[in-house]
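Encoded as structure tokens, the structure appears first; notes follow it.
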Amino acid sequence: MSRILVIGDTHAPCTHPGYLPFCRDLYDKYDCNKVVHIGDVVDNHAISFHAHHPDMPGPKDEYELALHEVAKWYKVFPRATVTIGNHDERIVRLAESVDIPPKFVRDYQDVWQTPKWHWTTDIVIDDVYYFHGTGNGGIHPAYNAMGKMLMSVVMGHIHTASGLKWKFNPTRRIFGMDVGTGIDERSLAFAYGRHMKQRSAVSAGVVLDGTPYHEIVPIGPGEKYNRSRFVKKSRKRSKK
5 MSRILVIGDT HAPCTHPGYL PFCRDLYDKY DCNKVVHIGD VVDNHAISFH AHHPDMPGPK
65 DEYELALHEV AKWYKVFPRA TVTIGNHDER IVRLAESVDI PPKFVRDYQD VWQTPKWHWT
125 TDIVIDDVYY FHGTGNGGIH PAYNAMGKML MSVVMGHIHT ASGLKWKFNP TRRIFGMDVG
185 TGIDERSLAF AYGRHMKQRS AVSAGVVLDG TPYHEIVPIG PGEKYNRSRF VKKSRKRSKK
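Using the working numbering, you'd call the opening residue of the sequence shown number 5 and step up by one each time.
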């Protein structure tokens, strides 16, 4: 049986600065022995069918920034399973849109320099189904997917969905867990959501021998993982 840390969507380089320290501490707290990244490891904002924010980096610069962020995660978690997200797939989808077959596109391990990460569409561990969640939604996306799969489900994808919901019958209990996300909402990549009243849930999950636990990241003012503890403030030059 497994003790699994489940990392939410990181959207590198647009990751909250306190999210990696939190996930590292969560791994130690629960004595985990496996890691599943639920997908959208990177944002690929500049490589998209959607509008590109004019103040965001171009494809080359964004790649370098994202690669630097992914390297930090790879150093802390050198072995992991990644359930590929829709943002991860943007390069493949863009290539296919101009009739370039996927076999001509470099694989994820190569592009993101993560040779020991296993990138896959989905995976089942201890009778729990893990996938990114592309195409799924609703108020309780993982619970909805659980009803379709007829088994326990862990997913990400919907940034505002976070938490656990169960279903019981006389012989079984199954759950849907929305892991949440690790994004930094201050990034211009998420400027499209600035008028939304519901905010992204910065959180992660743990599944111990098939039993889920969900943890919200304390990122509020004065809390342990607030951005101020990880981002150095630039000093303004004094005017003479």
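For every residue, glycine included, the Cβ atom is placed at its ideal position computed from N, Cα and C.
On a predicted model such as this, the values are computed, not experimentally measured, just so you know.
Within the DSSP bridge table, the entry for residue 207 names 220 as partners. DSSP links residue 187 through a beta bridge to 19. Nearest C-alpha to residue 133 among 218, 211, 219 and 227: 211. For the 8 Å CB-CB criterion, residue 13 and residue 51 do not form a contact. A residue is called buried when at least 16 other Cβ atoms come within 10 angstroms of its Cβ; residue 80 does not meet this threshold and is exposed. The alpha-carbon separation between residue 63 and residue 15 amounts to approximately 14 Å. When beta bridges are read from the DSSP output, residue 177 appears opposite 172. Per DSSP, the continuous beta strand (DSSP E) segment holding residue 133 begins and ends at 132 to 135. Per DSSP, the beta-bridge partners of residue 122 are 85. Secondary structure of residue 167 (DSSP, three-state): strand. In its chain, beyond the 5 residues on either side, 24 have a beta carbon closer than 8 Å to the beta carbon of residue 76.
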